[in-house]
Structure formats: C-alpha cells, structure tokens
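In our numbering, the protein residues as written are 332 to 947. Each residue gets a CB set at the ideal place from its N, CA and C atoms; glycine is no exception.
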RNA sequence: GCCGGCAUAGCACAGUGGUAGUGCAGCUGAUUUGUAAUCAGCAGGUCGUCGGUUCGAACCCGACUGCCGGCUCCA
C-alpha cells in the first residue's frame with residue numbers, strides 16, 4: 332500500500348533500489364526481499380551465497396555511484412497480478428533481467444497484496460522491482476549516500492523463515508547534510524551511557540559476575556540513591572506505604588500467578604533443594620525428567636522473582652481487608668530477575684537483574700479511574716523533572732489471536748477501557764498497539780529514545796483484573812459483602828538501571844547538581860592553601876554537599892581541566908586572595924568563571940539549587 | 001538464541017609469522033603554581049581462554065567466552 336513518505340524517505344527508498352541494482356551487477360543471482368527507508372537511512376534484505384562484509388562496500392558503492400551518475404529515470408508502471416507473477420517466475424523482479432530462478436520473496440510479497448489493490452513496478456535502467464513507491468524522479472537526485480553496516484534479519488521477522496543479509500545505508504540530498512548526519516552520530520556515541528558509565532565510573536559489568544548484571548559503583552550509587560529519595564518522597568505524599576520483600580519465593584507462588592507456567596523460558600532456572608536433587612540422582616533421574624517434574628509441580632523449588640506483584644499480593648492477603656483500607660498502595664524498590672536472551676543484553680538498558688520503582692495499588696472499581704489517573708500524573712511529573720520531553724505514550728492492548736493471556740475477555744475489555752479513558756483525561760497523544768499488553772492486563776507505557784534513536788520503555792501503568800482473581804483476593808465491602816479488589820501495577824521510572832542509563836545519555840553525563848555524584852570540588856592554587864580549602868570542604872560536607880578537594884601538586888589549570896573532564900558542576904578555586912577575604916572563586920562546569928563569592932553565600936546558593944532539583 | 005564483526009596495559013590505540021609498543025591514567029621525585037594539560041624517572045601485558053598448524057604464533061586455523069551492530073524476544 333503506498334504510504335505517505337517524506338521527501339527524505341523517498342530519496343532513501345530510491346537509494347535502496349540503487350543498492351539492489353548495484354548488488355545485482357556484482358552478484359546477478361541475489362534474491363531481494365524488502366528494502367524500506369528507516370530512521371536514519373534505509374536497508375535492503377538480500378539472500379546471497381556470498382557472505383557480505385564491510386570490505387565489499389567500496390565495490391558496491393562504486394556501482395551505486397555509476398547508477399547515480401547515469402541519472403536513470405524512475406518509471407512507474409501499473410500491471411496486472413498475472414503479469415507480475417509471470418515476471419516473478421522468470422526471476423525478473425528485483426533483477427536486471429530474466430534469471431533461471433524465480434524471484435521467490437517478491438512472489439511471496441505479491442501474494443500478500445490484497446485483491447483490488449493496484450500493483451506497481453518501478454524501473455530504473457535495467458532494474459525492475461515490485462514496489463509501491465513512491466520514488467524520486469531519477470537516480471541523479473541522490474547526491475550523497477553511504478553504506479553503513481550489515482546485520483541479519485529473518486524474512487518477515489519470523490525466526491522460522493530463512494535468515495537474510497540486511498545491508499544498511501543512508502542517503503541525503505546533499506553531501507553537507509550527510510556529513511552533518513555522521514558528525515551527529517559521532518556526538519551521539521560520546522553520550523552513549525556505556526562509554527560514559529565507564530569513563531565516569533558509574534557502573535561496571537563484570538565477567539566474573541555475569542552478563543546483564545549491574546554493579547553500581549560509588550558514583551552511580553549516589554545517582555540511584557538520589558532518584559530513590561526523590562520517588563520515595565513523592566510516594567509518601569501520595570499515601571503509598573513502603574514494603575520490603577525477598578528476592579526468591581516458592582515456585583508455587585509463581586504457578587499461581589501464572590509467571591512460571593507461561594514464561595518459564597524467560598526466567599532464571601528454578602532452584603531445587605539439595606536433598607531433592609540427591610534423591611532424584613539416586614533414581615537416575617535425567618535433566619529432562621527433572622525439568623518435567625518441576626514443571627508438573629511434583630518437585631517444589633524456588634524461583635528468583637521475575638516480578639514483585641505476587642509478593643505484594645501476599646501482603647494484601649496477610650490480613651482481612653476492608654473497603655476502608657482501600658486504596659492500599661504498596662511500594663518497593665524491588666529487584667527482579669529475567670533471563671533475557673544473551674544477544675539482547677545492552678549496557679544498563681537491557682539487563683538480567685534490575686530494580687523497579689514498583690508499587691501495586693489494590694482498589695475498588697469506583698476508585699480505579701482516579702488511581703490510574705494519579706499514576707499517569709506521577710510518571711508525567713517525574714519525566715518533567717528531568718525535562719525528558721521526547722517521549723511517546725503507548726497503550727498496550729492484548730493480541731486477540733494469542734493465548735498467552737490470563738483472565739476473561741470481559742475483564743480484559745473492562746481494563747482496556749479503563750486505561751483508554753485515563754489517557755484521554757491526561758490529554759496526551761498516544762498510540763494503541765495490539766499485542767503489547769502484559770499477560771495479566773493492558774498497560775500504558777512511556778517510551779523514550781536513546782541517543783542512537785532506539786526506543787526504550789520506561790514508566791508503565793498496568794491495570795489488572797486477573798491476578799486478584801487467581802490469588803483469591805477479597806475485601807469486605809460497605810454492604811458487608813466480600814468483593815475482589817482491582818490491582819494497578821505501576822513503575823514511573825520502570826527500572827532504575829534502564830532509567831539511569833537513559834539519564835546518563837539525556838544529560839551527556841552532565842548531571843544536574845542534585846544528582847551529581849561530586850557536587851563541588853575545591854581547587855587550592857598551591858599546597859599553602861590546602862588547609863583553607865579543607866576547612867571549606869568540612870563546612871560544606873556538614874550541610875550534606877558532596878565536596879572533594881584536589882590536593883595534587885598540579886598547576887591550577889590542570890586541576891580545572893581534570894574537574895571539567897570529570898563533569899564536576901562547581902569548582903572552587905582558592906588561594907591567597909580568597910583566604911584573605913573569606914571568599915571562594917567560583918567556576919562552573921557550564922559557564923566557566925563566575926567571580927568570587929563569600930563562602931557561606933555560595934553554600935546557601937547551591938543548597939537551594941540542590942533542594943529545588945534545578946536542571947543545569 | 002540466530003547472523004555478522006571485534007577482542008593487545010586501567011582507558012584510547014599501533015603492531016600481517018622471528019621474544020610486545022605509543023599516548024593518557026598510575027607510582028616516585030622535583031616543582032608550589034591563579035582559571036582546560038609543569039618536568040623527569042619508574043612500573044604495568046601468558047596479546048580474552050583452550051586447542052591446532054609451524055623450527056617459531058598477538059598475527060594463520062578451530063572451539064569456547066565476552067563485547068558491538070542487527071534479528072527474534074521483552075510478563
């Protein structure tokens with residue numbers, strides 16, 4: 332179906348055709364699948380015996396350059412389905428001419444085009460492709476292009492299908508724009524949280540610990556602690572109650588919740604008691620048999636928790652509940668463990684153990700709308716505090732075709748409607764996406780982009796009519812009857828690991844004062860003023876300002892440079908003049924020299940800046 | 001998990017078959033400094049791991065581990 336394309340997308344999509352034509356000049360047997368524009372460029376999926384490597388790029392680019400130089404017109408032609416099929420059979424689609432082997436992927440794509448839709452070919456030079464278009468007028472319009480990287484992709488994104496080679500490239504109307512694009516990418520790489528996390532010693536991932544398991548170094552731990560304090564204070568104001576729960580629980584708990592049966596493969600393997608293992612070993616029980624017996628519940632064990640909700644549910648169930656106690660809001664920075672596929676792990680943004688700023692709200696049906704609303708407002712406020720404005724809101728609905736969900740269709744309808752209503756009240760634009768729900772209910776996700784343009788889900792609010800039923804939760808209503816509560820699962824930041832990862836990139840490591848691991852560094856111009864400098868450090872530390880002093884024998888310029896590179900928000904230069912006047916010479920990370928200020932005045936100023944969580 | 005690439009000192013990198021190098025960081029000494037790099041010296045590596053080819057391997061081959069880019073997945 333012809334979609335609306337921007338001019339840039341048209342250009343890039345056209346460049347994908349040029350790429351395909353160039354590849355065919357070198358490898359005429361190449362079979363092409365799809366070649367769309369994407370954010371930042373385009374790709375084309377190709378099946379080819381030759382294993383492409385970046386070393387092939389210059390040769391391919393040379394052919395592409397020849398096609399661009401030839402200034403071939405893009406010609407559109409409407410054809411019948413039969414005619415298209417005929418061309419496909421003779422290998423003529425996505426090809427420079429007839430070939431002995433049919434254009435199999437193109438024929439398959441042709442089958443997917445519904446009756447009544449117009450089928451079009453696009454032709455440039457000898458190259459003919461089945462394509463909805465649109466395209467630029469001619470190949471000569473592509474002034475600047477470059478192949479960027481290789482990847483692999485399953486045909487139609489299904490791992491049962493053949494794996495194709497995906498060649499990525501980009502194109503621009505002018506060379507200058509392309510240069511700017513690559514310069515921007517270089518800048519983005521400098522903000523990458525994996526690089527900054529290492530440079531600034533925020534976190535560490537250690538082979539001896541395990542993939543996807545984060546060690547928070549002291550500097551990173553400060554940032555995390557400040558975030559927890561921030562969220563914690565908000566929650567106290569809003570009537571949440573703090574709880575703590577263990578990292579593991581009996582398998583049966585997660586059988587009841589549905590986590591273990593439905594998502595066994597995305598959890599760390601269960602822990603089985605030693606005596607049970609010995610018993611089974613004596614029976615010569617195979618691993619497969621063991622797994623089976625665990626699955627069937629014949630052997631009990633423990634599971635690292637993949638979610639906190641069952642724990643909070645058991646706290647709810649630990650005493651008789653009355654409607655007077657609702658809404659009951661239980662909050663915890665709860666650490667959960669999930670067995671993510673190794674190829675998916677990435678820095679702090681995709682990990683196997685992470686801590687959610689989690690809470691579960693147990694409420695009545697009448698309270699539901701308001702509770703969702705409050706959660707959304709909280710997420711919103713949190714994002715605004717960091718001025719993370721570049722987010723989108725996604726309403727994740729169930730996929731009617733899938734069986735991975737628990738609960739009745741009526742409950743699902745009810746929950747989905749409640750979410751939709753709440754977002755509409757919030758008055759933000761959102762998209763509804765089928766198949767994005769949690770297994771127990773629909774969710775409203777706040778999705779932000781990282782520096783490289785990849786989407787990450789942060790905050791989430793989820794409505795759940797199902798787990799309370801599975802756990803048989805109840806409370807006594809005002810009418811004396813027993814009722815089932817509704818649950819709201821919510822995490823404004825999502826996971827602290829992912830959130831901090833994105834925060835590092837958002838601020839490029841230049842954290843606002845309240846988050847900065849080191850807030851102030853005192854730089855004596857010589858060791859004669861070490862004692863004076865230390866007295867400032869002592870005084871600032873007493874008021875909780877994170878302050879260090881640089882007592883190295885470097886010259887002041889070198890000390891400044893180091894502090895600047897370490898992204899310390901404020902440098903206080905002290906020498907004879909300051910000592911005599913009881914002042915400090917302030918230099919800020921952001922704007923350089925700020926002049927001299929009495930020691931106590933500056934202290935008050937930064938205390939205010941910290942308390943108000945001012946952004947830099 | 002799948003496809004491809006990569007792996008040399010804490011970090012950034014050089015080293016295409018003949019006993020491993022540069023810069024920064026580190027340590028020691030000298031210097032005591034006024035707003036983004038003071039000088040000198042020292043130390044630091046089983047070249048990711050294991051196996052193979054070779055008289056000889058950082059370098060060639062294989063397996064494994066980890067990382068990077070994608071794909072699939074993401075309760």
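Residue 902 is bridged by DSSP to 852, 918.
Scanning the region 712–786 for uninterrupted beta strand (DSSP E) segments of 3 residues or longer gives 722–728, 761–765, 774–780, listed from N- to C-terminal end. Taking the CA atoms as reference points, residue 575 sits about 8 Å from residue 664. By the CB criterion at 7 Å, residue 459 and residue 342 fall outside the cutoff. The beta carbon of residue 759 is closer than 6 Å to those of 724 in its chain, skipping five residues each way along the sequence.
Put simply, of 819, 876, 471, 869 the residue whose alpha carbon is nearest the alpha carbon of residue 844 is 876.
Under a 10 Å Cβ-count criterion, residue 554 is classified as buried, with 16 or more other Cβ atoms of the shown protein chains found around its own Cβ.
Beta bridge pairing from DSSP links residue 547 with 534.
Taking all protein chains in view, the Cβ of residue 886 is surrounded by fewer than 16 other Cβ atoms within 10 Å, so the residue is classified as exposed. Contact annotation, residue 399 with residue 349: C-beta distance approximately 6 Å; criterion of less than 8 Å satisfied.
Closest by C-alpha distance to residue 832, out of 891, 815, 599, 789, is 789. Under a 10 Å Cβ-count criterion, residue 560 is classified as exposed, with fewer than 16 other Cβ atoms of the shown protein chains found around its own Cβ.
Residue 390 sits away from residue 356, with the two beta carbons spaced by 7 Å or more. Rounded to whole angstroms, residue 695 and residue 903 show a C-alpha spacing of 55 Å. With 16 or more other Cβ atoms from the protein chains shown falling within 10 Å of its own Cβ, residue 791 counts as buried. The Cβ neighbour count for residue 818, taken over all protein chains shown within 10 Å, is at least 16; the residue is labelled buried. Nearest to residue 909 by alpha-carbon distance, out of 923, 924, 882, 864, is 864. Fewer than three pairs of CB atoms, one per stretch, sit closer than 8 Å, so the region 505–514 makes no contact with the region 628–648.
Beyond the five residues adjoining it in sequence on each side, residue 802 comes within less than 7 Å, by CB distance, of 587, 644, 648 in the same chain, given in chain order. Shown here for residue 874: same chain residues with a beta carbon closer than 7 Å to its own, the five before and five after excluded, namely 934, 938 in chain order. Judged by their CB atoms, residue 821 and residue 706 are nearer to each other than the 7 Å cut-off. Shown here, residue 866 sits in a helix according to DSSP, grouped into three states. For residue 393, the secondary structure class from DSSP, reduced to helix, strand or coil, is helix.
For residue 405, no beta strand (DSSP E) encloses it, and the DSSP letter there is neither H nor E. Nearest to residue 882 by alpha-carbon distance, out of 860, 870, 899, is 860.
With a contact defined as Cβ atoms closer than 8 Å, residue 657 and residue 806 qualify at about 7 Å. Closest option to residue 848, judged by alpha-carbon separation, among 941, 408, 856, 800: 941. The DSSP-derived three-state label of residue 488 is helix.
Note that the C-beta distance between residue 364 and residue 486 is below 7 Å.
Judged by their CB atoms, residue 345 and residue 403 are not nearer to each other than the 7 Å cut-off. The C-beta separation of residue 640 from residue 798 comes to about 6 Å, placing the pair in contact by the 8 Å criterion.
DSSP places residue 379 in no beta strand (DSSP E); its state is neither H nor E. Residue 818 carries a strand assignment under DSSP once its states are collapsed to helix, strand and coil. Just so you know, the alpha carbons of residue 682 and residue 611 end up roughly 33 Å apart.
Within the same chain, and ignoring the five residues on either side of residue 767 in sequence, the residues whose Cβ sits closer than 6 Å to its Cβ are 727. Beta-carbon to beta-carbon, residue 737 and residue 543 are separated by about 27 Å, too far to satisfy the 8 Å threshold.
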